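Numbering (numbering that gives the first Met the number 0), first residue to last: 0 to 754.
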Amino acid sequence: MTQDPMKQNPMGPEGQPATALGQPEHGSCCGHASPNAVGEAQAAVEVGEPGVRWTCPMHPEVVQDHPGDCPKCGMALEPTGASAAGAASEDLEQARTLRRFWVSTALVVPLLVLAMGGHVFGLHKLLPGRGRLFLELLLASPIVLWGAAPFFRRGWYSLVHRSLNMFTLVSLGVIVAYAYSVLVTLAPGVVPSTYLDAYGQPEVYFEAAAVIVVLVLMGQVLEGTARRKTGAALRSLLELAPPVARRVRPDGTDEDIALGEVRVGDRLRVRPGERVPVDGVVRDGRSAIDESMVTGEPMPVAKEPGEAVVGGTLNGTGGLVMEARAVGADTLLARIVARVGEAQRSKAPIQRLADRISAWFVPAVVGLALVAFAAWMIWGPEPRFVHGLVAAIAVLIVACPCALGLATPMSIIVAMGRGAGSGVLFRDAEAIEVLRSVDTVLVDKTGTLTLGKPTLVGAWALDQRHDDMLRLAAALERASEHPLGRAIVLGAEARGLRLPEATDFRTESGKGVVGLVEGRRVLVGNARFLEDQGADPAALLGDAEARRRAGATALLVAIDGRAAGVLAVADPIKATTPEAVRTMREHGLKVVMLTGDGRTTALGVGKELGIDDVRADVLPEQKAAIVQQFQAEGRRVAMAGDGINDAPALAQADVGIAMGTGADVAMESSGVTLVQGDLRGIVRAILLSRATVRNIKQNLVLAFAYNVLALPLAAGALYPLLGWVLSPIVAAAAMTLSSVSVIGNALRLRAVRLR
0 MTQDPMKQNP MGPEGQPATA LGQPEHGSCC GHASPNAVGE AQAAVEVGEP GVRWTCPMHP
60 EVVQDHPGDC PKCGMALEPT GASAAGAASE DLEQARTLRR FWVSTALVVP LLVLAMGGHV
120 FGLHKLLPGR GRLFLELLLA SPIVLWGAAP FFRRGWYSLV HRSLNMFTLV SLGVIVAYAY
180 SVLVTLAPGV VPSTYLDAYG QPEVYFEAAA VIVVLVLMGQ VLEGTARRKT GAALRSLLEL
240 APPVARRVRP DGTDEDIALG EVRVGDRLRV RPGERVPVDG VVRDGRSAID ESMVTGEPMP
300 VAKEPGEAVV GGTLNGTGGL VMEARAVGAD TLLARIVARV GEAQRSKAPI QRLADRISAW
360 FVPAVVGLAL VAFAAWMIWG PEPRFVHGLV AAIAVLIVAC PCALGLATPM SIIVAMGRGA
420 GSGVLFRDAE AIEVLRSVDT VLVDKTGTLT LGKPTLVGAW ALDQRHDDML RLAAALERAS
480 EHPLGRAIVL GAEARGLRLP EATDFRTESG KGVVGLVEGR RVLVGNARFL EDQGADPAAL
540 LGDAEARRRA GATALLVAID GRAAGVLAVA DPIKATTPEA VRTMREHGLK VVMLTGDGRT
600 TALGVGKELG IDDVRADVLP EQKAAIVQQF QAEGRRVAMA GDGINDAPAL AQADVGIAMG
660 TGADVAMESS GVTLVQGDLR GIVRAILLSR ATVRNIKQNL VLAFAYNVLA LPLAAGALYP
720 LLGWVLSPIV AAAAMTLSSV SVIGNALRLR AVRLR
């Protein structure tokens, strides 16, 4: 578990207590909650949970001990660590948001049929007079008064803190449309005859207010779900460490203790097939450990006394006794989790264009409404007050962001569908918006450029009897549990070789295996192992080094005490990778390869793919640091990877791109997932991102063009010249036309070219 930074510094900015900022309300965090989870979370949400802090991604100075909304921007606060208490609170908030969304959706459907289908289906004739208005009021009230309650709170915060945003505009539009509609429903006599429809009834805007609420709630649900998945992925990382460690007492006996009870200096026993509990150093025993979690490389690493081991990695066939050197929040696994969380919180979401426009649009609309009211009070006909009030309300209703609410979501929905059909999954609108400006792509080697699993790529025998040498070596390796041995067996079987049984099999961890096959003594391992067994490896060393320079792992084979040949096991490059790298370079992208593998192997892969900038022997934290270096140079960076070791860099990058064939935490730390792990999807994603952002801007122009034209008419600008005011029916039609225009423009993304 990561250490909570608030335990070290419980004071907020400028020496204020951590709970000084914010309100004791709950934000729209995420998760699909069971009834039990909701019940368990209730107390944590209401009272706050010790040791858990929530902060705003855009305003990190806002820190409090309970979930809620940021008082400055209205965003939902996020827990600072992968804690169970934070997860429970997020589950509760997601349950509340989902409930608001589904109830509001169920009510808005009949409301739309009633309001928009009146003329089409003749509902106004079936419900003459004010009956229809009261029914609309009945359907819209729960949506506005209950479903939109969190938005009104955020809108109020934005006014108090003078930080106008989309919630300000949404709250203003919904409240005014609903309040005006309620007023004219209960007291239709206050409306001048010039504002009545063909049936003699005042026009109401219940459906406009309700639709806006449902759209915004849908966005909150999608945002919350994405956040919860990230938190769950981080918590699953912590579960890689075993819950129990086996401590060796001073008298040599063993005892099982909880992982949290392990202390630095404790001697711990790790049996074959178990995970290493904490970071430390080997004191006794030899084994090969699968460190792909850390390095991303599929080849197990031999461990002998004095060598370091990492908590969460998987021990092979040998038993070890280790000394604990780092426990709790100091382990590499815990630091990876903390690094991912910090990177995600420090990367402030891109402000929506609508949010930025709202900063000036809201006061401009309010100002115009006041001017319209004053003008009608001074120069308008009697009753001046009523005409002025209706004109001011008309201005605010016309400014209701119905088309604006559709501008971004519609483009995002269509783009996500278009991307999914091309093997590209976007996580959210932010990823689509940022990806268009990427100029540098950092790519992990194993599992991203390559297949991510050991494969036999060649067998060379000194006597030219290659298949016979491979048959004997594979027969011996069939008794081994080592991944390299498995690759040799599969390679031999793929060549149609029949493998005899091996006897007297013996393995030496980190060195090799020995046994009898068809009465012949066979050795497979490294040069030191052959020497220890009395076989001179000198004749094989040149070939072995050539295979290593080509990016393979070389295993030496000796038969009956004589050097016999070399087996090469490598992680093959994906068939689509060369084309993907070439296409990225053709589009002006700088491609950099990062890998935890050795420099010789890395340079071999880089040369084959034409990648000039190769960074080898890179650890997870170093990958994130390399991302930061490129960002410091002013570059917009995308990071492509597939493993747990890539998660910090994926989160730190401007856009993380995960392979759909990789680890869950990699995908949840990324904004883009390539379904089949095909890197050619990167260029498709960038082209789609650029087209989508252009489409959103076009939608915003269409949405605001309606406002620019309709607002002066709603204020009564043509009344002095023509004696004409904007009819509510015309206003409703214009609002509908604006929304239809936005939807039609967004649908054009389905045909965009991605080559």
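For each residue, glycine too, the CB sits at the ideal point set by N, CA and C. Only a predicted model underlies this, so the values are computations on that prediction, with no experimental measurement involved.
Ends of the beta strand (DSSP E) at Ser449?
Here the sequence assigns Thr to residue 449, which means Ser is not the residue at that position. No beta strand (DSSP E) holds Thr449; DSSP gives it neither H nor E.
CA-to-CA distance, Gly310 to Leu332, given in whole angstroms:
7 Å
*Terminal residues of the continuous alpha helix (DSSP H) containing Asp466?*
His465 to Glu476
Taking Leu483 as the reference, give the member of Leu455, Leu239 and Leu367 with the closest Cα.
Leu455
Do you know whose CA, among Ala538, Pro149, Val604 and Asp559, lies nearest Arg519's CA?
-> Asp559
| request: Can you tell me the Cβ-Cβ gap for Val277 and Thr330, rounded? I've got them flagged as a contact below 8 Å. | output: About 6 Å separates the two Cβ atoms, so the contact holds.
Who are the Cβ neighbours of Pro380 in its own chain at under 8 Å, not counting the five residues just before and after it?
If we look at Pro380 and ignore the five residues flanking it on each side, its Cβ neighbours are His386.
**Request:** Assign Trp459 to one of three DSSP states: helix, strand, or coil.
**Result:** strand
Q | Pair within 8 Å by beta-carbon distance, Gly264 and Ala323 | A | yes
Quick check: what's the CA-CA separation for Asp466 versus Ala458? 8 Å
Measure the CB-CB distance between Val604 and Ile572 and report whether it falls below 8 Å. yes
- Using 8 Å as the threshold, is the stretch 592–599 in touch with the stretch 418–435, meaning 3 or more CB pairs across them? no
For Lys696, count neighbouring C-beta atoms within 10 Å of its own C-beta (all shown protein chains included) and say buried if the count is 16 or more, exposed if not.
exposed
For the 8 Å Cβ check, are there 3 or more pairs between the stretch 158–177 and the stretch 203–211? Contact between the stretch 158–177 and the stretch 203–211 is present: 3 or more CB-CB pairs across the two stretches fall below 8 Å.
Relative to the alpha-carbon of Pro109, which residue among Gly130, Ala139 and Gln93 has its alpha-carbon at the smallest distance? Ala139
Checklist entry - Around the Cβ of Asp443, are there at least 16 other Cβ atoms within 10 angstroms (buried) or fewer (exposed)? => result Residue environment analysis places Asp443 among the buried positions, since at least 16 neighbouring C-beta atoms fall within 10 angstroms of its C-beta.
- Message: Can you give me the C-alpha to C-alpha distance between Glu476 and Lys452, rounded to a whole angstrom?
- Response: For Glu476 and Lys452, the distance between alpha carbons rounds to 17 Å.
Restricting to Cα atoms, I'd like to know which of Glu585, Gly514 and Leu97 is closest to Met217.
Leu97
- Query: So, Ala545 versus Ala569, is the Cβ gap smaller than 8 Å?
  - Reply: Taking 8 Å as the Cβ cut-off, Ala545 and Ala569 do not qualify as a contacting pair.
For Leu383, which residues in the same chain have their Cβ closer than 7 Å to its Cβ, ignoring the five residues on either side in sequence? This sequence places Arg at residue 383; Leu is not what is there. Taken in chain order, the residues that qualify are Trp375 and Met376.
- Query: What number of angstroms, rounded off, separates the C-alpha of Val751 from the C-alpha of Ile211?
  - Reply: 28 Å
(request) Excluding the 5 residues preceding and the 5 following Ala209 in the sequence, name in chain order all residues of the same chain whose CB lies nearer than 6 Å to its CB. (result) Closer than 6 Å at Cβ, skipping near neighbours: Val107, Leu110, Ala139 and Ile142.
Fill in: Sequence-distant residues of its chain with Cβ nearer than 6 Å to Glu517 (five each side left out)
Pro499
Under the three-state reduction of DSSP, which class applies to Pro756: helix, strand or coil?
No information on residue 756 is available, as it lies outside the stretch 0 to 754 that the chain covers here.
### Spatially closest choice to Val413 from Pro66, Gly130 and Ala690, by CA coordinates
Ala690
Exercise for review: State yes or no: is the C-beta of Pro711 nearer than 7 Å to some heavy atom of the ligand MN?
Suggested key: Inclusion of the ligand MN in the displayed structure is not the case, the ligand content being empty and no account of it being possible.
Practice prompt. Examine chain D for any beta-carbon lying closer than 8 Å to the beta-carbon of Ala414, and answer yes or no.
Written response: In the structure shown, chain D does not exist; there is a single protein chain.
| said: Measuring only the C-alpha atoms, how far is Ala684 from Met638? | reply: Near 13 Å, if we compare the C-alpha coordinates of Met638 and Ala684.
In or out: Glu92 buried (at least 16 other Cβ within 10 Å) or exposed?
-> buried
Collapsed DSSP secondary structure at Ser669 in the structure displayed: coil
Would you list, in sequence order, the uninterrupted beta strand (DSSP E) runs of no fewer than 3 residues that lie entirely inside the stretch 260–342?
266–269, 278–283, 286–289, 300–302 and 319–325
Cα-Cα separation, Arg497 to Arg470:
7 Å
Is the distance from the Cβ of Leu816 to the Cβ of Ser291 below 8 Å? The question about residue 816 has no answer, for the chain in this structure spans 0 to 754.
Among Leu319, Glu632, Ala579 and Gly743, which one has its Cα closest to the Cα of Asp677?
Considering only alpha carbons, the answer is Ala579.
Legend entry - Status (buried if at least 16 other CB within 10 Å, exposed otherwise) for Asp641: buried
Quiz item: When you compare only the Cα positions, how much space is there between Val181 and Gly67?
Solution: 31 Å
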